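Going letter by letter, the sequence shown gives residues 113 to 238 in the working numbering.
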Amino acid sequence: MDDSLRFVVLDQQGHNLIGTGAGQYHPDSVRLLVAGTANYSTVEQSEIYEGGYGVSLSPNRQAFNSHDDVRAYLQLTSRDTDTLDITYRIKEGKCFDLVEYNRLFYNGNRMAGRNDFGVPIMRKKR
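If you want it as structure tokens, here you go:
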């Protein structure tokens, strides 16, 4: 089972902000950096929501440890960085542990819901 956190970033009209179209942040320039780590995640190059791409964060032990929350920074461009606050718990298993996400906040606002694929939606105010 994959415990990566996947989400999409939409504008106020519901359009995906990450993609290759006009007015979208290009997926090659988007980075997700978890506070306290030197590693970053890149945008998943699979189309998951209306002409755009989703962001995927694979938890690592360096950031997702015994604490119950973590802060990440979504760098959309070199001049536009947003904050993602995640609360979670580690579900211990016989062979491996999984991260279970409880609450997601994007720039201080709670996750806006889920799309038809069950992927969390984050709304960006421009």
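We put the CB at the ideal spot given by N, CA and C, even for glycine. On a predicted model such as this, the values are computed, not experimentally measured, just so you know.
**Asked** What residue range is occupied by the uninterrupted beta strand (DSSP E) comprising Ala184?
**Response** Locating residue 184 in the sequence shown gives position 72, where the first residue counts as 1. 181-189 is the extent of the beta strand (DSSP E) around Ala184.
**Message:** Can you give me the C-alpha to C-alpha distance between Asp140 and Asn128, rounded to a whole angstrom?
**Reply:** To locate residue 140, count along the sequence shown from 1; it is residue 28. To locate residue 128, count along the sequence shown from 1; it is residue 16. Cα to Cα, the separation comes out at about 15 angstroms.
**Message:** Can you give me the C-alpha to C-alpha distance between Val142 and Asn219, rounded to a whole angstrom?
**Reply:** Counting from one through the sequence shown, the residue named residue 142 turns up at place 30. Counting from one through the sequence shown, the residue named residue 219 turns up at place 107. One C-alpha to the other measures close to 16 angstroms.
**Request:** Identify whether Ser141 lies in helix, strand or coil by the three-state DSSP scheme.
**Result:** As a working note, residue 141 is residue 29 in the sequence shown. In the structure shown, Ser141 sits in a helix (DSSP, three-state: H, G or I).
**Asked** By how many angstroms is the C-alpha of Arg215 removed from the C-alpha of Asp181?
**Response** Here residue 181 corresponds to residue number 69 of the sequence shown, with the count starting at 1. Here residue 215 corresponds to residue number 103 of the sequence shown, with the count starting at 1. Each residue's alpha carbon lies about 9 angstroms from the other.
**Buried or exposed (CB count within 10 angstroms, at least 16 for buried), Ala134** = Position 22 of the sequence shown, counted from the first residue, corresponds to residue 134. By the neighbour-count definition (other C-beta atoms within 10 Å, threshold 16), Ala134 is an exposed residue.
**Asked** Nearest to Ser190 by alpha carbon, out of Leu145, Gly230, Leu210, Ile202?
**Response** Taking the first residue of the sequence shown as 1, we reach residue 190 at position 78. Closest by alpha carbon: Leu145.
**Item:** Closest by C-alpha distance to Asn221, when choosing among Val231, Lys236, Leu210, Gly230
**Value:** One-based indexing of the sequence shown puts residue 221 at position 109. Comparing Cα positions, the closest option is Lys236.
**Message:** Need the endpoints of the beta strand (DSSP E) that Glu212 sits in, please.
**Reply:** Residue numbering aside, residue 212 sits at position 100 when the sequence shown is read from its first letter. 210-218 is the extent of the beta strand (DSSP E) around Glu212.
**Asked** With distances taken from CA atoms, which of Thr199, Ser170, Gly163, Val211 is nearest Met243?
**Response** No information on residue 243 is available, as it lies outside the stretch 113 to 238 that the chain covers here.
**Prompt:** Cα-Cα, which of Arg183, Gly205, Ile160 is closest to Tyr152?
**Reply:** Here the question's residue 152 lines up with position 40 in the sequence shown. Comparing Cα positions, the closest option is Arg183.
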